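A quick write-up on the structure given underneath.
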Amino acid sequence: DVKVTQSSRYLVKRTGEKVFLECVQDMDHENMFWYRQDPGLGLRLIYFSYDVKMKEKGDIPEGYSVSREKKERFSLILESASTNQTSMYLCASTSQGVVADTQYFGPGTRLTVL
Amino acid sequence: GEDVEQSLFLSVREGDSSVINCTYTDSSSTYLYWYKQEPGAGLQLLTYIFSNMDMKQDQRLTVLLNKKDKHLSLRIADTQTGDSAIYFCAEIPRDSGYALNFGKGTSLLVTP
Chain F
1 DVKVTQSSRY LVKRTGEKVF LECVQDMDHE NMFWYRQDPG LGLRLIYFSY
51 DVKMKEKGDI PEGYSVSREK KERFSLILES ASTNQTSMYL CASTSQGVVA
101 DTQYFGPGTR LTVL
Chain A
115 GEDVEQSLFL SVREGDSSVI NCTYTDSSST YLYWYKQEPG AGLQLLTYIF
165 SNMDMKQDQR LTVLLNKKDK HLSLRIADTQ TGDSAIYFCA EIPRDSGYAL
215 NFGKGTSLLV TP
């Protein structure tokens, strides 16, 4: 079974702090994604990566950056956290070889910025 | 991206059928998906349909696809209280790099 893990289930940070959210997948997938989920807005794509050291902006990249130094790990970075970044963050991965291009999701990190 | 449209809430009685509707945006999407999110959990792929199919049945789940209208529906037969969750419709638009474009989710409440 594919496993996508995220470093924390819950995180509380202060405004202005630098925040790292880590995601690791164990199935050698090329593609990894970061989404944020907010009530009434559904899931919105922040960034994705289709290879090591490659990254592409999604729909809402402002205030975020990412790092993909190893194939299995995709990090989301909030350089200076703000209260409007309080949200649920979901990581996902997929591969061209996966049936129906299925994406596998981690359990999510609920981030609160005070 | 453009919006995938879903109604936000649906309430049904246990044992009834539930139908969740979705209108997607990209007629060239190869697959269309339904994801389920239970309270406090991540997203779980429930089912998917290939774009050249009209219908797919998987136990209590039936997916109907109308490509002309870009309309997707999920029917859950004999709905149980354990089916209470948020259901997301999703597509992978061409040129999205495998990134999913989600609807806002339909909260299904099943009452005894």
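First to last, the sequence lines map onto chains F and A.
The numbering used here puts the first residue of the first sequence at 1, with every later residue one more than the last.
The numbering used here puts the first residue of the second sequence at 115, with every later residue one more than the last.
Here a beta-carbon is modelled for each residue, glycine too, at the ideal position from N, C-alpha and C.
Note that the coordinates shown come from a computational prediction; the quantities given were computed from them, not determined experimentally.
For residue 86 of chain F, there is no enclosing beta strand (DSSP E), since its DSSP letter is neither H nor E. Per the Cβ contact rule, the segment 120–128 of chain A is not in contact with the segment 148–159 of chain A (fewer than 3 Cβ pairs under 8 Å). For residue 20 of chain F, no CB of chain A lies under 8 Å from its own CB, so it is not counted at the interface with that chain. Listed along the chain, the chain F residues whose CB falls inside 7 Å of the CB of residue 178 of chain A amount to none; the nearest CB is some 17 Å away. Looking at A/220, A/143, A/196, the one whose alpha-carbon comes closest to that of residue 174 of chain A is A/196.
By the rule that beta-carbons nearer than 8 Å mark a contact, residue 41 of chain F touches chain A. Taken through DSSP and simplified to helix, strand or coil, residue 94 of chain F comes out as strand. Residue pairing of residue 124 of chain A in beta bridges, as defined by DSSP: A/222. Taking a Cβ-Cβ threshold of 7 Å, the residues of chain A close to residue 50 of chain F are 211, in chain order. As the crow flies, the alpha-carbon of residue 28 of chain F is around 43 Å from that of residue 226 of chain A.
In terms of beta-carbon proximity, residue 74 of chain F stays away from the interface with chain A, with every pair separated by 8 Å or more. Nearest CB-CB separation between residue 107 of chain F and chain A: below the 8 Å threshold.
The beta-carbon separation of residue 93 of chain F and residue 25 of chain F, rounded to 4 Å, stays under the 8 Å limit for a contact. A residue is called buried once 16 or more other Cβ atoms fall within 10 Å of its Cβ, and residue 155 of chain A, having fewer, is exposed. By the criterion of a C-beta distance shorter than 6 Å, residue 178 of chain A is surrounded in its chain by 169, 187, once the five residues flanking it on both sides are discounted. Across the structure, residue 48 of chain F and residue 137 of chain A are spaced so that their CA atoms are roughly 25 Å apart.
Going by C-alpha positions, residue 99 of chain F is about 12 Å away from residue 159 of chain A. Cβ neighbours of residue 18 of chain F within its own chain (closer than 8 Å, five residues either side excluded): 77, 78, 79, 80, 81. About 32 Å separates the CB atoms of residue 191 of chain A and residue 33 of chain F; that is not less than 8 Å, and the two are not in contact. Assigned with DSSP and collapsed to three states, residue 99 of chain F falls in helix. In the same chain as residue 55 of chain F, and ignoring 5 residues on each side of it, the C-beta atoms closer than 7 Å to its own belong to 47, 49, 66, 68, in chain order. Burial check for residue 193 of chain A: the Cβ neighbour count within 10 Å reaches 16 or more, so the residue is buried. Along the segment 165–212 of chain A, the beta strand (DSSP E) occurs as fully enclosed runs of 3 or more residues at 169–172, 175–180, 185–190, 199–205, listed in sequence order. Under the DSSP definition of a beta bridge, residue 163 of chain A partners with A/146.
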